[in-house]
Amino acid sequence: MISKVLLSTARTADGPPLVSKVTRSGVLNEKIYLLYSQERLASYGLKPSNLENILNARNITAPGGQITVGTKGVVVNPSGEFTSEADIGNVIIGVTSYGAPIYLRNLVDTVRAYDDPPQFLNYYAWRDTEGHWQRTRAVSISVQMGKGEKIGRFAKSVSQTLASLKDRLPPDLIIAKASNQADQVEENIHLFMTSLYEAIALVVIVSLIGFWEWRSAVLMALSIPITLLMTFGMMDVLGIDLQQVSIATLIIALGLLVDDPVVAGDAIKRDLALGHPPVVSAWLGPTKLATAIMYATVTNIVAYLPFLMLTGDTGKFLYSLPIVITCSLTASRLVSMTFIPLLGYYLLRPKAEPTVHERRKRGFGAAYYHVGRLAIEHRRLALLISFAFLAVGAFIARNLKLQFFPKDLSHMAYVNIFLPEDAPLTATNTIAANVERIVQQVSAEEHRPVTSLNTFVGGGAPRFWYSLAPESRHANYAQVVMVLSDEHDTAPFVPVLQARLSQQITEARIDVRQLETGAAVGLPIQIRVSGENTPSLRTAAEEVNQILTSIPQAMRVRDDWGEDRFALQLKIDPDRANLAGITNLDVAHASAGGLSGDQLTVLREGHKQIPIVSRLRPEERAQPGDLQNLYVYSSSGTQKVPLGQISHTEYSLQDEVIRRRNQFRTITVSCAHQPGVLASEVMKQAQPRLATLASRLAPGY
């Protein structure tokens, strides 16, 4: 109900909907199971496949034609659609020798239940009023904003809708926001505004120190908001929103925005000191330096333009950076040639300035003059000293750690849990609950409060962060999303939690991750091995695994194919099967229908369609040996034969996952790095040995 109301109420009468998409995670689908005993069905001469024909003939919505009565057309609608589970049991499937009807309820147990076994589970853990942790089943609703809408307005509308629903929901139902992008945006805007105020204050202070008068300081301070307003206008024209990268770019650009206005304002002051009238000084000062200001601005713009040449997700992510820098510097250039002369005309006053010769005789000007004169007189020595500084800088640069995108400062972090490929969902859920318990313990010990835990078992969370790639659904995977009360606690909390989880939980691969700025990359170090022959791929991937494992800074090495899965092979004897009139398809249908179930039809309840599934009773499919007693019915006759008479079973290992990249089978060997170490440092050690391995691979690998 909540998802429907969110999708239908958060709309505007004069524009596009605020909400574009609502998805639910953790909803268990209902099913009606018809649990049968194959011996009982066989005693009445029925095959499991007969149930589908019988139920579909009874559960109909087919039209019955139309009768013309005078000038009216009357539609005939035959009744017979199922309205409850009782209707299913009341279906007559035959008669006894005495003429008494045989009802379906006499042969099967009708059970209405949720998916068994479940495919996906969602849990939510929070602290109650007494500070104790509570864990309960949950349903996560992902609400996506409509295109072109403002996140603040969108969040307010969603909050109002949820508040209006509280009176219509059970009082013990808890509605909590596990992730709210509007809060992240608000924090980033707050960071930008704080940086803006700090920049204005610093400009005023530096101007007071440098110019030693308040008028120049006020002129410089006024130039910043004017330049930003012009920048916002240009961004709007170019379709650039205020988002993560554009806000960060504006913070970077704050230091560049005052360069042109400072030069223009100083030029006006100098002309005023030379005795020119204010109107002439306001025009002449910036005009004399117009060429120099323009080339300085163009140089800064060109320095950032190569970011536009980046391709892929990284290029899309950083596209707005050079655009916003260009807009801000262009606006700064325009302000220095328009608003600064206008404001300088009214604000600046003539003030006696020392001449160049006077500045050479005292203070900093004298020291600067003497150093410059010595450098010119000893040009070769000055050049050698410059080269020495460059060499020292190059040496320091070689030891710098390389990282393209940093970790994001956020309240949220998450834990990825991978069990062996053949692990059932129940085992994954048990490990996920243990992870939650350890998170709570570490949070209390480290005094870094975690406010909530949202756990997804059998798949990943809905995409709650732009650089997060949700994992596909499979039973051996779980994800725990943590929300900390203080965003500054996230970075120190993650490595401590990782160490504790790796120490206490050995039956699963566990990765504790922070949210990242940039494209979704998963583990930071990934080496792909591509080819066609699976054994050769496995061998090469194992060598890559050994290379990474031997590096002390690398940790949690694994590949994305995982371990081989234990499988039971039904080896069909073709001669016996043919003599019994059984095909391989008959065997597959019998095995799948008996163990997993066959959908026969549906029960419609309002907007819901509940599948009706036939399935063997649990006691007849509890052990692998029960397969030998499974009846296989011929699709071309009524004969049946136990599966054990036409086949035997063999146990083997097989690849559970085969991944491809660009149509080639590809194994990705990945690992994390130790705290305080960057991925580039690990790759620097691994690269020579990886190059040697690549040279030994066969052609096509």
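Take the numbering used here: the final residue in the sequence shown is number 701, and no numbers are missing along the way. Every residue gets a Cβ at the ideal spot worked out from N, C-alpha and C, and that includes glycine.
Per-residue DSSP class, three states only, for residue i
i, result
"Glu187", "helix"
"Trp214", "helix"
"Thr136", "strand"
"Tyr98", "coil"
"Val587", "helix"
"Val480", "strand"
"Ala10", "In this prediction, Ala10 has a pLDDT of 47, which is less than 50 and means its spatial position is unreliable; what the coordinates show is noted afterwards. Coil."
"Val108", "strand"
"Arg689", "helix"
"Ala554", "strand"
"Gln243", "coil"
"Lys166", "helix"
"Glu446", "helix"
"Asp259", "helix"
"Trp126", "strand"
"Gln504", "helix"
Inter-residue spacing [alpha-carbon to alpha-carbon] between residue i and residue j
i, j, result
"Leu653", "Ala567", "6 angstroms"
"Cys671", "Thr549", "9 angstroms"
"Ala57", "Gly80", "9 angstroms"
"Pro699", "Pro470", "34 angstroms"
"Thr314", "Ala679", "17 angstroms"
"Leu400", "Pro306", "22 angstroms"
"Lys177", "Tyr414", "16 angstroms"
"Ala592", "Leu616", "10 angstroms"
"Cys327", "Met235", "7 angstroms"
"Pro118", "Ser472", "16 angstroms"
"Leu318", "Val481", "27 angstroms"
"Gly15", "Gly152", "In this prediction, Gly15 scores a pLDDT of 44, lower than 50, which makes its location untrustworthy; no coordinate-derived value is stated."
"Leu173", "Ser142", "18 angstroms"
"Ile572", "Pro424", "27 angstroms"
"Ala267", "Leu390", "33 angstroms"
DSSP bridge partner residues for residue i (one or two, in chain order)
i, result
"Pro642", "Tyr631"
"Thr194", "Thr194 is not bridged to any residue."
"Pro611", "Val602"
"Gly531", "Arg665"
"Gly625", "Paired residues: none, contrary to the question."
"Phe566", "Leu653"
"Lys31", "Ala113"
"Thr68", "Gly73"
"Met412", "Val483"
"Tyr369", "Partner(s): none; Tyr369 has no beta bridge."
Classification of residue i by the beta-carbon crowding that lies within 10 angstroms, buried from 16 upward
i, result
"Lys31", "buried"
"Lys439", "Per the sequence shown, the amino acid found at residue 439 is Val instead of Lys. Counting Cβ neighbours within 10 Å, Val439 comes out buried, since at least 16 surround it."
"Met412", "buried"
"Arg333", "buried"
"Gln154", "Note that residue 154 is Phe in the sequence shown here, rather than Gln. So Phe154 ends up on the buried side."
"Gly458", "buried"
"His190", "exposed"
"Met555", "buried"
"Tyr124", "buried"
"Trp126", "buried"
"His488", "exposed"
"Asp575", "exposed"
"Tyr304", "buried"
"Val158", "buried"
"Val715", "Residue 715 lies beyond the residue range present for the chain, which begins at 1 and ends at 701; the question has no answer from this structure."
"Ile205", "exposed"
"Phe364", "exposed"
Test: residue i CB closer than 8 angstroms to a CB of chain C
i, result
"Asn533", "This model lacks chain C altogether; it includes just one protein chain."
Same chain only: Cβ atoms within 8 angstroms of residue i, ignoring 5 sequence neighbours per side
i, result
"Ser336", "Ser223, Asp260, Pro261, Val263, Ala264, Pro286 and Ile293"
"Tyr631", "Gln38, Ala42, Ala590, Lys640, Val641, Pro642 and Leu643"
Neighbourhood of residue i by C-beta distance below 7 angstroms, restricted to the same chain and skipping five residues each side
i, result
"Ile610", "Glu30, Lys31, Ile32, Val602 and Leu603"
"Gly73", "Gln66"
"Val258", "Val203, Met220, Ser223 and Ile224"
"Gln181", "Ile151"
Residues near residue i by beta carbon distance below 6 angstroms, same chain, minus five either side
i, result
"Ile527", "Val544 and Val669"
"Leu208", "Ala217"
"Arg349", "none"
"Pro492", "none"
"Leu55", "Leu600 and Thr601"
"Leu595", "Arg621"
"Leu284", "Asp271"
"Asp115", "Leu28 and Asn29"
"Pro702", "Residue 702 is absent from the structure shown; the chain starts at 1 and stops at 701."
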